[in-house]
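Q: Residue numbers (this note's numbering), protein chains in the order written: chain R, -17 to 143; chain A, 6 to 506. Note that the Cβ used here is the ideal one computed from N, Cα and C, for glycine as well.
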Amino acid sequence: MRSGRPLGEDDSPLLDETVRLAIPVVLVVSIYLLFAGHNAPGGGFIGGLVASAAVFLRYIAGGVPSRRGLMRLPFEVLLGVGLLISVAAGLSSLLLGDAFLEAWLVDLDVAMLGRVKFTASLPFDLGVYLVVLGLGVAIVDSLGREADDDSDTAVESGEAP
Amino acid sequence: MSWLVPVPVVLPLIGAALAVLVGRSRAAQRVISCVILTVTLVVSVVILVEVDSNGAMVAHSGGWPAPLGISLVADRLSAILLVLASTMLLAVLIYAIGEPGAERNHVGFQSAYLVLAAGVSASFLTGDLFNLFVAFEVMLTASYVLLTLGGRAEQIRSGMTYIVISLVASSLFITALALIYAATGTVNMAHIAERMADLPLGITSAFALLLIVVFGIKAALFPLFFWLPDSYPIAPSPITAVFAGLLTKVGIYAIIRTQTLFFPPESQHGTLLLVVAALTMAVGVLGAIAQDDVKRILSFHIVSQIGYMVMGLGLFTLAGITGAIFYIVHHIVVKTTLFLVGGLIEHAGGSSRLTRVGGMVRTAPALAVLFLIPALSLAGIPPFSGFLAKLALVDAGLGASEWAVVAVSLVVSLLTLFSMMKIWAGVFWNPVEDHSDDEYDAPPLPVGRLGGPPFMVLPTAALVVCSLAISVGAGPLYDLAERAASDLLHPAAYIDQVLRP
């Protein structure tokens, strides 16, 4: 199977399976970091980087076509929506009459989950998360696709016997 | 009204996000950018009016009070520059939409342009030294994209120089920041100003010089200007115009702001600044004379003009700083206009080299008028705005008995006139000298009665009218600049407004 793999032409079942197992874990960790960021190490930027790492893993295992499966959203949407969410989070407090980016606190008792407490910096962080993830996808998409095209043309132009 | 202060930063960012989302439709992108920048301009004007009548406005982001949170401060100087920057950004945006080239061919142009706008506004508005660094980076990152749009080999080569030099300046800046934080324990500018007074004179002098070097690279002061004439001319014309009008001026703004706010008059290096100013003027104009390309000549003139602004600051008198502010106002308008005209010349003649275009006074008389007014203004011919700005500076220099720098500035004016007349002769008056085919040049395009596409000519003409309006309204404008300069020379009010609202 030729799918523009960065690591050569042959399938590697070991790598494929490992990546398949690792990606959900990586994504869960990234979301944990996003939520933890308010009071502990973590945050939108780190979370977004970890999620991008999942995208990179998928690309290393399967090339750009397989990345499409993981992340069907085009990166423009991720970047644009992320930036909008962040800015809107800052503006929302301005519209409520507080200072720009001022955080409001939400404290809820939710069935099953227990006490949930978050602040307006969470939507802001979510926006950052999406922007960083969008950037990761954009990098794989633009740099990876070009690398794949190069390797494809190299094969087609007769370097293979 | 202080809730207005973050708006000029936030609006362009919203615009950038929307422009990314509607990337498929160029028309929607254009509507978004134009609307956003128009609203930003209106908000800036409101801020200026408000600040001028009621004093500086301070917004504490996150609601954290001053030394803890990030303060956004709009005082008279910030507000004046904000209005100018939004005007230039809007005019150049319309020009870019009218020009076949950079804007049409790149889906990311509008977003990068709006991010640049947000970075410029943030640089003028921030009251926090670290946040100034962030604003610079936002602005520079967008400028890297805009400078290399198109990806021609020479753009990438010059872009590399520009990026490397900007990164060096940024590393120096963050080093200086760390040192200042170590010495004063704060990054809030008003708070730094308060604590700087307790430091030994040697340390404050070192900080003053370090900040002059850091911002001097960005502002293209002698001897740190070499990257500018190399990198600016190769960007698409509207981009060069907005860089020329705004980016180096952000550096100058940072020099003026930090030097006047942080360092008490007795620890100032006025003489050093005057020497640097004289050398910047002279070397810039000599470089310009040696060039034979419109955009290169104009790029060297940016350097030369920066010298005048630093001269005003170096005097450290009310008249000097007023002159510097007035000069910045004049310079931003006139320089942007000249680069836009340079783009029109390139459009109409297929090249911006003096030897390869000519006779345009007959083929495009409208362009000749659009060029001549800002060119004479740049050289300081009465009654144009450049004359008034230079008069203010020379008068301030004579008042402070700094004969040498005044003499240099007058000679440089003469040389500026000479090199403007060189462009006039080469582009408009003389016939084309060099008829050889050059693969790099585009074929000349039919220009019509206006001298170019209407959406390129109209914003240029509007800016020419702006520069004429500066000379007409020079009296009130000078008074406004004087009030701004007086704020700068008496920073106690600024400090009080930020720290003790």
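Would VAL69 of chain R count as contacting chain A if we go by Cβ distances under 7 angstroms?
A: Taking Cβ atoms only, chain A reaches closer than 7 angstroms to VAL69 of chain R, which makes this a yes.
Q: For GLN310 of chain A and HIS336 of chain A, what's the separation of their Cα atoms in angstroms?
A: In a straight line, the C-alpha of GLN310 of chain A is about 8 angstroms away from that of HIS336 of chain A.
Q: So which residues of chain A does LEU83 of chain R contact, with C-beta pairs closer than 7 angstroms?
A: Simply SER66, GLY67.
Q: Could you give the first and the last residue of the continuous alpha helix (DSSP H) run that contains ALA79 of chain A?
A: Taken as a continuous stretch (DSSP letters only), ALA79 of chain A belongs to no alpha helix (DSSP H), being part of the beta strand (DSSP E) at 76 to 79.
Q: Return the bridge partner residues of VAL110 of chain R from the DSSP annotation.
A: Paired residues: none, contrary to the question.
Q: Taking only three categories from DSSP, how would you classify LEU154 of chain A?
A: It is coil, neither helix nor strand.
Q: With HIS495 of chain A as the anchor, note down where its alpha helix (DSSP H) starts and where it stops.
A: It is not in any alpha helix (DSSP H) - HIS495 of chain A carries neither H nor E in the DSSP assignment.
Q: In chain A, which residues lie less than 7 angstroms from LEU61 of chain R when you measure between Cβ atoms?
A: Within chain A, the residues near LEU61 of chain R are VAL25.
Q: What residue does the beta strand (DSSP E) around VAL63 of chain A start on, and which one ends it?
A: Start and end: 62 to 65.
Q: Kindly indicate which three-state DSSP category LEU381 of chain A falls into: helix, strand or coil?
A: Helix at LEU381 of chain A.
Q: Is there a Cβ of chain R sitting closer than 7 angstroms to that of GLY164 of chain A, yes or no?
A: It does not; no Cβ of chain R falls within 7 angstroms.
Q: Taking THR253 of chain A as the reference, give the member of A:PRO270, A:PRO238, A:LEU266, A:PHE230 with the closest Cα.
A: Selected option, being the one with the closest Cα: A:PHE230.
Q: Counting only C-beta atoms, is ASP107 of chain R closer than 7 angstroms to chain A at any point?
A: No, ASP107 of chain R does not count as interfacial toward chain A.
Q: Less than 7 angstroms between CB atoms is the rule here; does LEU76 of chain R satisfy it with respect to chain A?
A: Chain A, which has a Cβ nearer than 7 angstroms to the Cβ of LEU76 of chain R, makes this yes.
Q: Once you ignore the five residues that flank GLU438 of chain A on each side, which residues in its own chain have a CB closer than 6 angstroms to its CB?
A: Result list for GLU438 of chain A: THR360, in chain order.
Q: What are the start and end residues of the alpha helix (DSSP H) that includes ASP297 of chain A?
A: No alpha helix (DSSP H) contains ASP297 of chain A, which DSSP labels as neither H nor E.
Q: Run through chain R and tell me which residues come within less than 7 angstroms of ALA21 of chain A, C-beta to C-beta.
A: Result: LEU65.
Q: Which residue wins for smallest C-alpha separation from ARG367 of chain A, given the options A:LEU251, A:ILE99, A:LEU455, A:VAL417?
A: Comparing Cα-Cα distances from ARG367 of chain A to each of A:LEU251, A:ILE99, A:LEU455, A:VAL417, the minimum goes to A:LEU455.
Q: Under a Cβ-count criterion, where at least 16 other Cβ atoms within 10 Å of its own Cβ denotes burial, should PRO23 of chain R be classed as buried or exposed?
A: Looking at its Cβ environment, which holds fewer than 16 other Cβ atoms inside 10 Å, PRO23 of chain R is exposed.
Q: DSSP state of LEU87 of chain A, grouped into three classes?
A: Three-state DSSP puts LEU87 of chain A in a helix.
Q: Among A:VAL78, A:PRO269, A:ILE161, A:THR276, which has the Cα closest to the Cα of VAL127 of chain A?
A: The displayed chain sequence assigns Ala, not Val, to residue 127 of chain A. Per the Cα distances, A:VAL78.
Q: Which residues does DSSP pair with ASN193 of chain A in a beta bridge?
A: The partner list for ASN193 of chain A (beta bridge, DSSP) reads A:ASP133.
Q: Does DSSP classify ARG29 of chain A as helix, strand or coil?
A: Correct three-state label for ARG29 of chain A: coil.
Q: Quick one: list the residues of chain R neighbouring GLY28 of chain A, beta-carbon separation under 7 angstroms, in chain order.
A: Result: GLU58.
Q: For a minimum of 4 consecutive residues, which ranges assigned as the alpha helix (DSSP H) are wholly contained in the segment 7 to 68 of chain R?
A: List check, alpha helix (DSSP H) in window: 26 to 52.
Q: Going straight from the alpha carbon of SER491 of chain A to that of LEU323 of chain A, what length do you get?
A: Answer to the nearest angstrom: the Cα atoms are 6 angstroms apart.
Q: Flag this pair as yes or no: are the beta carbons of LEU349 of chain A and ALA96 of chain A separated by less than 7 angstroms?
A: Cβ distance not < 7 angstroms, so LEU349 of chain A and ALA96 of chain A don't count as in contact.
Q: Using 8 angstroms as the Cβ pair cut-off and three pairs as the minimum, do the segment 78 to 87 of chain A and the segment 328 to 335 of chain A touch?
A: Segments in contact, yes.
Q: Restricting to Cα atoms, I'd like to know which of A:ALA174, A:ILE170, A:LEU204, A:VAL173 is closest to TYR186 of chain A.
A: That would be A:LEU204, whose Cα lies nearest to the Cα of TYR186 of chain A.
Q: Is it buried or exposed for ALA136 of chain A, if we count other Cβ within 10 angstroms and need 16 for buried?
A: For clarity, residue 136 of chain A is Asn in the given sequence; the question names Ala instead. Buried is the call here.
Q: State the DSSP-derived secondary structure class of ARG361 of chain A, mapped to helix, strand or coil.
A: Three-state DSSP puts ARG361 of chain A in coil, outside helix and strand.
Q: What residues from the segment 18 to 46 of chain R come within 7 angstroms of chain A, judged by C-beta to C-beta, listed N to C?
A: Result list empty, no residue passes.
Q: For ALA36 of chain R, count neighbouring Cβ atoms within 10 angstroms of its own Cβ and tell me buried if that reaches 16, exposed if not.
A: So ALA36 of chain R counts as buried.
Q: I want to see whether chain R comes within less than 7 angstroms of LEU46 of chain A, judged by CB atoms only; does it?
A: Judged by the 7 angstroms Cβ criterion, LEU46 of chain A is not in contact with chain R.
Q: So which residues on chain A does LEU73 of chain R lean against when the C-beta distance must stay under 7 angstroms?
A: The answer, in chain order, is VAL15.
Q: Does DSSP classify GLN435 of chain A as helix, strand or coil?
A: Inspection of the sequence shows that residue 435 of chain A is occupied by Asn rather than by Gln. Residue state, collapsed to three classes: coil.
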